[in-house]
Amino acid sequence: MKKIIAQATVIALGLASLSAQAVDFTAAVGQSGDSTMVYRLGAQWDWDNSWWESSVGRLTGYWDAGYTYWDGDETSTNHSLSFSPVFVYEFAGDSVKPYIEAGIGVAAFANTKLESNDLGSSFQFEDRIGAGVRFSGQEVGIRAIHYSNAGIKQPNDGVEAYTLHYRTSF
Numbered sequence: 017m018k019k020i021i022a023q024a025t026v027i028a029l030g031l032a033s034l035s036a037q038a039v040d041f042t043a044a045v046g047q048s049g050d051s052t053m054v055y056r057l058g059a060q061w062d063w064d065n066s067w068w069e070s071s072v073g074r075l076t077g078y079w080d081a082g083y084t085y086w087d088g089d090e091t092s093t094n095h096s097l098s099f100s101p102v103f104v105y106e107f108a109g110d111s112v113k114p115y116i117e118a119g120i121g122v123a124a125f126a127n128t129k130l131e132s133n134d135l136g137s138s139f140q141f142e143d144r145i146g147a148g149v150r151f152s153g154q155e156v157g158i159r160a161i162h163y164s165n166a167g168i169k170q171p172n173d174g175v176e177a178y179t180l181h182y183r184t185s186f
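Numbering (this note's numbering), first residue to last: 17 to 186.
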């Protein structure tokens, strides 16, 4: 556990030093498809670019680095570190801006077993979709995240997490 936290801290500090942008932080809670409780802390760096700006909205994105604690019932707990580029379509609005997001990144799990799932390898791809609202420099949303090694190693049971998250700047 201490090793995972130390690695997450080093990654977050390293990424923060690469960017002069403000860092946002996210806290999320949810469940996996097997009812494993999921707790996630993340750091995000918004991209300076946006595309297809119109009166409807714009496409933008952010880098996301996260640590997830998986609190299982049947087996021991698990931990994962992840990193992903995330594309966001932000709808136009004055004080409240709805958005949808999608991204594909990578993750490393401390253990290949999670409840009844055998992930096959510690390395996993992280696919996500989400939706929410942004307001006053904050964000509330929901996400569905799927982890799989894409058949690199068998078995490849994969696992999903469904979370509610809150994001803010400090």
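No residue lacks a Cβ here, since even glycine has one placed at the ideal position from N, Cα and C.
Contact annotation: G121 and S96 have beta-carbon atoms that are not nearer than 8 angstroms. The beta carbons of I158 and T179 sit closer together than 8 angstroms.
A direct Cα-to-Cα measurement between V102 and E142 gives close to 11 angstroms.
Under the rule that a run must span 3 or more residues, the beta strand (DSSP E) segments found entirely inside the region 92-155 read 94-107, 112-125 and 139-151. The C-beta of A38 has fewer than 16 other C-beta atoms within 10 Å across all chains shown, which makes the residue exposed. Beta-bridge annotation (DSSP): D87 is paired with M53. Q60 counts as buried, since at least 16 other C-beta atoms from the protein chains shown sit within 10 angstroms of its C-beta. The beta carbons of K169 and S137 sit about 4 angstroms from each other, so the pair counts as a contact at 8 angstroms.
With contacts defined by Cβ atoms closer than 8 angstroms, Y78 and V104 form a contacting pair.
Residue pairing for Q60: DSSP places it in a beta bridge opposite D40 and D80.
With respect to the C-alpha of G73, the residue from Y115, G153 and A123 having the closest C-alpha is Y115. In terms of Cβ geometry, G46 and A177 form a close pair [threshold 8 angstroms].
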